[in-house]
Amino acid sequence: MQAYEYKIVPAPRKGHKAKGVKGAEARFALALETVMNDFGAAGWDYMRTDILPVEERQGLTGRTTTFRHLLVFRRPLSPNGPEDTAAALPPSGAVDAPPEEASTGASGAQRISSDSA
Numbered sequence: 002m003q004a005y006e007y008k009i010v011p012a013p014r015k016g017h018k019a020k021g022v023k024g025a026e027a028r029f030a031l032a033l034e035t036v037m038n039d040f041g042a043a044g045w046d047y048m049r050t051d052i053l054p055v056e057e058r059q060g061l062t063g064r065t066t067t068f069r070h071l072l073v074f075r076r077p078l079s080p081n082g083p084e085d086t087a088a089a090l091p092p093s094g095a096v097d098a099p100p101e102e103a104s105t106g107a108s109g110a111q112r113i114s115s116d117s118a
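Residue numbers (our numbering): 2 to 118.
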């Protein structure tokens with residue numbers, strides 16, 4: 002049975018400016034492409050994008066439900082045990098999300114076993 006390590010990151014909220022990239026859609030596509038290429042270069046395979054509800058505080062006593070777009074990546078665990086995930090992650094500025102949204106623990110990865118290959 003193959004074991005995998007998963008990394009969940011918030012999708013970019015706004016586009017990146019670059020020379021020759023015009024329009025909001027093209028800038029957003031560039032931001033998403035950059036995040037996906039950075040994680041791919043670090044050995045992570047893109048799985049899917051999920052939209053999940055999050056209940057957040059609004060004011061002193063109110064609560065509201067918002068939806069977050071999350072990118073799901075995975076990579077196989079080595080047979081010798083977990084690798085040093087901090088060394089294999091893209092730079093911390095790869096995703097432009099507030100720290101409370103991007104924090105997923107010390108290594109930023111969740112280990113899960115899976116039957117599928």
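In this text, a Cβ means the ideal position worked out from N, Cα and C, and glycines have one as well.
DSSP state of residue i mapped onto helix, strand, coil
i	result
Leu-31	helix
Ala-4	strand
Val-73	strand
Arg-22	The residue asked about is misnamed: residue 22 is Val in this sequence, not Arg. Three-state result, Val-22: coil.
Gly-44	coil
Phe-68	strand
Whole-angstrom C-beta distance between residue j and residue i, which should lie under 8 Å
i	j	result
Asp-51	Leu-71	5 Å
Phe-68	Leu-78	Not really, about 31 Å apart at Cβ, beyond 8 Å.
Selection from the options that minimises the alpha carbon distance to residue i
i	options	result
Val-36	Ala-25, Gly-63 and Arg-14	Arg-14
Val-1	Met-2, Lys-8 and Glu-56	Summary: the structure shown does not reach residue 1, with the chain confined to residues 2 through 118, and so no result is reported for it.
Phe-40	Val-22, Ala-12, Gly-60 and Lys-18	Ala-12
Taking contact to mean at least 3 C-beta pairs separated by less than 8 Å, is the segment 39 to 51 in contact with the segment 18 to 29? Inter-segment contact for the segment 39 to 51 and the segment 18 to 29 is absent: fewer than three beta-carbon pairs are separated by less than 8 Å.
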